[in-house]
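Asker: Got a structure for you, written out below as C-alpha coordinates; questions coming shortly.
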Amino acid sequence: MGRLVDSRLTARRIASSPHAVLATPSYFARSGEPAKPGDLAGHEAVIYDQRGGGPAWTFQRDGAQIAVTLKGRLRVSAAEGLRAAVLANAGLAIVSEWMFAPEIADGTVKVVLKDWELPRIDLWAVSPAGRTATVKARTFTEFVQEVMHLPSEADSEIL
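Heads up, the working numbering is the position in the sequence shown plus 13, with the first residue counted as 1.
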(Lines of atoms letter the chains of each structure in order from A and count residues from 1; the text may use other names and numbers.)
(Lines give C-alpha, C1' and ligand atoms only; values in the text may rest on other atoms or scores of the structure.)
Protein backbone atom coordinates (compact mmCIF):
# COMPACT_ATOMS: atom_id res chain seq x y z
CA MET A 1 0.00 0.00 0.00
CA GLY A 2 1.11 3.54 -0.60
CA ARG A 3 3.52 5.21 -2.96
CA LEU A 4 5.89 2.84 -4.72
CA VAL A 5 9.56 3.72 -4.49
CA ASP A 6 11.35 0.90 -6.35
CA SER A 7 10.92 1.36 -10.11
CA ARG A 8 12.63 -1.98 -10.83
CA LEU A 9 9.42 -3.76 -9.93
CA THR A 10 6.44 -4.49 -12.13
CA ALA A 11 3.41 -3.06 -10.39
CA ARG A 12 -0.28 -3.06 -11.05
CA ARG A 13 -2.58 -0.85 -9.04
CA ILE A 14 -5.55 -2.93 -7.99
CA ALA A 15 -7.38 -0.38 -5.85
CA SER A 16 -7.32 3.14 -4.47
CA SER A 17 -8.88 4.45 -1.26
CA PRO A 18 -9.55 7.96 -0.05
CA HIS A 19 -8.14 9.17 3.25
CA ALA A 20 -10.51 10.48 5.88
CA VAL A 21 -10.30 12.46 9.12
CA LEU A 22 -12.16 10.48 11.76
CA ALA A 23 -12.62 9.79 15.44
CA THR A 24 -15.24 8.36 17.73
CA PRO A 25 -18.37 10.38 18.48
CA SER A 26 -17.20 10.42 22.14
CA TYR A 27 -13.92 12.08 21.16
CA PHE A 28 -15.74 14.72 19.12
CA ALA A 29 -18.25 15.31 21.97
CA ARG A 30 -15.31 15.99 24.30
CA SER A 31 -13.06 17.96 21.91
CA GLY A 32 -15.42 19.41 19.31
CA GLU A 33 -15.58 18.69 15.59
CA PRO A 34 -13.13 20.46 13.29
CA ALA A 35 -14.95 22.61 10.72
CA LYS A 36 -11.90 23.30 8.54
CA PRO A 37 -8.44 21.74 8.17
CA GLY A 38 -6.80 24.49 10.24
CA ASP A 39 -8.92 23.40 13.23
CA LEU A 40 -6.94 20.15 13.40
CA ALA A 41 -4.10 22.01 15.14
CA GLY A 42 -6.28 22.20 18.26
CA HIS A 43 -6.89 18.45 18.36
CA GLU A 44 -5.00 15.49 19.74
CA ALA A 45 -4.10 13.20 16.84
CA VAL A 46 -3.12 9.57 16.65
CA ILE A 47 -0.43 9.64 13.96
CA TYR A 48 0.11 6.65 11.70
CA ASP A 49 3.87 6.69 11.12
CA GLN A 50 4.01 4.52 8.03
CA ARG A 51 4.25 5.17 4.30
CA GLY A 52 0.99 6.81 3.30
CA GLY A 53 0.64 8.41 6.75
CA GLY A 54 2.54 10.81 8.97
CA PRO A 55 1.80 14.18 10.55
CA ALA A 56 1.85 16.41 7.40
CA TRP A 57 -1.21 16.52 5.12
CA THR A 58 -2.43 18.74 2.30
CA PHE A 59 -6.16 19.26 1.98
CA GLN A 60 -7.72 20.46 -1.29
CA ARG A 61 -11.06 22.02 -2.16
CA ASP A 62 -12.13 24.17 -5.10
CA GLY A 63 -8.54 24.63 -6.28
CA ALA A 64 -7.34 25.78 -2.85
CA GLN A 65 -4.75 23.86 -0.84
CA ILE A 66 -4.19 23.96 2.90
CA ALA A 67 -1.19 22.25 4.51
CA VAL A 68 -1.70 20.96 8.05
CA THR A 69 0.69 19.29 10.49
CA LEU A 70 -1.04 17.16 13.09
CA LYS A 71 -0.01 17.31 16.73
CA GLY A 72 -0.18 14.21 18.82
CA ARG A 73 1.69 12.43 21.56
CA LEU A 74 0.79 9.04 20.17
CA ARG A 75 2.49 7.71 17.04
CA VAL A 76 1.90 4.16 15.89
CA SER A 77 3.45 2.03 13.17
CA ALA A 78 0.81 -0.69 12.93
CA ALA A 79 -2.77 -0.40 11.75
CA GLU A 80 -3.95 -2.44 14.72
CA GLY A 81 -2.43 0.07 17.16
CA LEU A 82 -3.97 3.00 15.31
CA ARG A 83 -7.40 1.37 15.29
CA ALA A 84 -7.16 0.53 19.00
CA ALA A 85 -6.12 4.08 19.91
CA VAL A 86 -8.88 5.74 17.88
CA LEU A 87 -11.51 3.35 19.21
CA ALA A 88 -10.25 4.06 22.77
CA ASN A 89 -10.96 7.81 22.20
CA ALA A 90 -7.24 8.77 22.20
CA GLY A 91 -7.73 11.26 19.38
CA LEU A 92 -8.61 11.76 15.77
CA ALA A 93 -6.67 10.26 12.88
CA ILE A 94 -6.19 10.63 9.15
CA VAL A 95 -6.39 7.15 7.68
CA SER A 96 -7.50 5.28 4.59
CA GLU A 97 -11.22 4.62 4.64
CA TRP A 98 -10.37 0.91 4.21
CA MET A 99 -8.88 0.82 7.69
CA PHE A 100 -12.18 1.76 9.36
CA ALA A 101 -14.79 0.73 6.77
CA PRO A 102 -16.98 -1.32 9.17
CA GLU A 103 -16.81 1.34 11.89
CA ILE A 104 -17.64 4.14 9.43
CA ALA A 105 -20.63 2.13 8.20
CA ASP A 106 -22.00 1.39 11.67
CA GLY A 107 -21.28 4.81 13.21
CA THR A 108 -18.62 3.67 15.68
CA VAL A 109 -16.41 6.38 14.15
CA LYS A 110 -17.41 9.59 12.44
CA VAL A 111 -15.78 11.11 9.37
CA VAL A 112 -15.38 14.91 9.40
CA LEU A 113 -14.15 17.48 6.87
CA LYS A 114 -15.87 15.49 4.11
CA ASP A 115 -15.91 18.51 1.80
CA TRP A 116 -12.09 18.58 1.76
CA GLU A 117 -10.06 16.15 -0.35
CA LEU A 118 -6.95 14.33 0.82
CA PRO A 119 -4.50 12.27 -1.26
CA ARG A 120 -5.64 8.73 -2.01
CA ILE A 121 -3.69 5.62 -1.02
CA ASP A 122 -3.16 2.87 -3.56
CA LEU A 123 -3.05 -0.91 -3.18
CA TRP A 124 -0.59 -2.59 -5.55
CA ALA A 125 0.20 -6.06 -6.81
CA VAL A 126 3.99 -6.07 -7.22
CA SER A 127 6.32 -8.58 -8.85
CA PRO A 128 9.96 -8.62 -9.98
CA ALA A 129 10.55 -6.86 -13.30
CA GLY A 130 10.49 -9.01 -16.41
CA ARG A 131 8.56 -11.84 -14.81
CA THR A 132 4.99 -12.85 -15.36
CA ALA A 133 3.06 -13.21 -12.12
CA THR A 134 2.66 -16.81 -11.01
CA VAL A 135 -0.72 -18.51 -11.00
CA LYS A 136 -0.67 -18.31 -7.19
CA ALA A 137 0.03 -14.56 -7.28
CA ARG A 138 -2.69 -13.91 -9.86
CA THR A 139 -5.16 -16.02 -7.86
CA PHE A 140 -4.33 -14.14 -4.66
CA THR A 141 -4.74 -10.78 -6.41
CA GLU A 142 -8.13 -11.86 -7.76
CA PHE A 143 -9.10 -13.02 -4.26
CA VAL A 144 -8.19 -9.63 -2.77
CA GLN A 145 -10.18 -7.86 -5.47
CA GLU A 146 -13.20 -10.09 -4.81
CA VAL A 147 -13.07 -9.73 -1.02
CA MET A 148 -12.75 -5.96 -1.26
CA HIS A 149 -15.34 -5.75 -4.04
CA LEU A 150 -12.81 -4.19 -6.37
CA PRO A 151 -12.95 -4.08 -10.19
CA SER A 152 -11.71 -7.13 -12.03
CA GLU A 153 -8.16 -7.38 -13.42
CA ALA A 154 -9.44 -6.34 -16.86
CA ASP A 155 -10.60 -3.04 -15.34
CA SER A 156 -7.38 -2.37 -13.37
CA GLU A 157 -4.65 0.00 -14.43
CA ILE A 158 -1.41 -1.59 -15.63
CA LEU A 159 1.74 0.36 -14.74
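Where is the CB? At the ideal position from N, CA and C, for every residue including glycine.
Just the Cα atoms here: how many angstroms apart are Y57 and L126?
Answerer: Per the sequence shown, residue 57 should be read as Glu rather than Tyr. Computed Cα separation, rounded: 16 Å.
Asker: Taking I60 and P68 to be in contact with their CB atoms under 8 Å, please state how far apart those CB atoms are, rounded to whole angstroms.
Answerer: Going by Cβ atoms, the distance from I60 to P68 rounds to 5 Å, so yes, they are a contact pair.
Asker: Closest by CA to A42, which one among W129, A103, T152 and V108?
Answerer: A103
Asker: For L105 versus L22, is the C-beta spacing smaller than 8 Å?
Answerer: no
Asker: Of the choices V124, V108 and Y40, whose alpha-carbon is the least far from that of R133?
Answerer: Closest option to R133, judged by alpha-carbon separation, among V124, V108 and Y40: V108.
Asker: Let me know if D119 comes out buried or exposed under the rule of 16 or more other beta-carbons within 10 Å of its beta-carbon.
Answerer: Burial check for D119: the Cβ neighbour count within 10 Å stays below 16, so the residue is exposed.
Asker: Pick helix, strand or coil for D52, following the three-state DSSP scheme.
Answerer: helix
Asker: Could you name the residues of the same chain whose beta carbon sits closer than 6 Å to that of E130, not counting the 5 residues immediately before and after it, in chain order?
Answerer: The residues are Q73.
Asker: Opposite P31 in the DSSP bridges: which residues?
Answerer: Partner(s): none; P31 has no beta bridge.
Asker: Go to R151, then tell me how far its alpha helix (DSSP H) extends in each direction, as first and last residue.
Answerer: Boundaries of the alpha helix (DSSP H) harbouring R151: V148 to V160, taken from the DSSP string.
Asker: Pick from T154, T37 and L53: whose alpha carbon is nearest that of V81?
Answerer: Out of T154, T37 and L53, the CA that lies nearest to the CA of V81 is found in L53.
Asker: According to the neighbour-count rule (16 or more other Cβ atoms, all chains shown, within 10 Å of its Cβ), is V124 buried or exposed?
Answerer: exposed
Asker: Check for me: the beta strand (DSSP E) holding D135 runs from which residue to which?
Answerer: I134 to P141
Asker: Grab the span of the beta strand (DSSP E) containing F72 for me, first residue to last.
Answerer: A69 to R74
Asker: The alpha helix (DSSP H) spanning V99 covers which residue range?
Answerer: Its alpha helix (DSSP H) spans residues A92 to L100.
Asker: Taking only the alpha-carbon atoms, compute the straight-line gap between E110 and R86 and give it to the nearest angstrom.
Answerer: 23 Å
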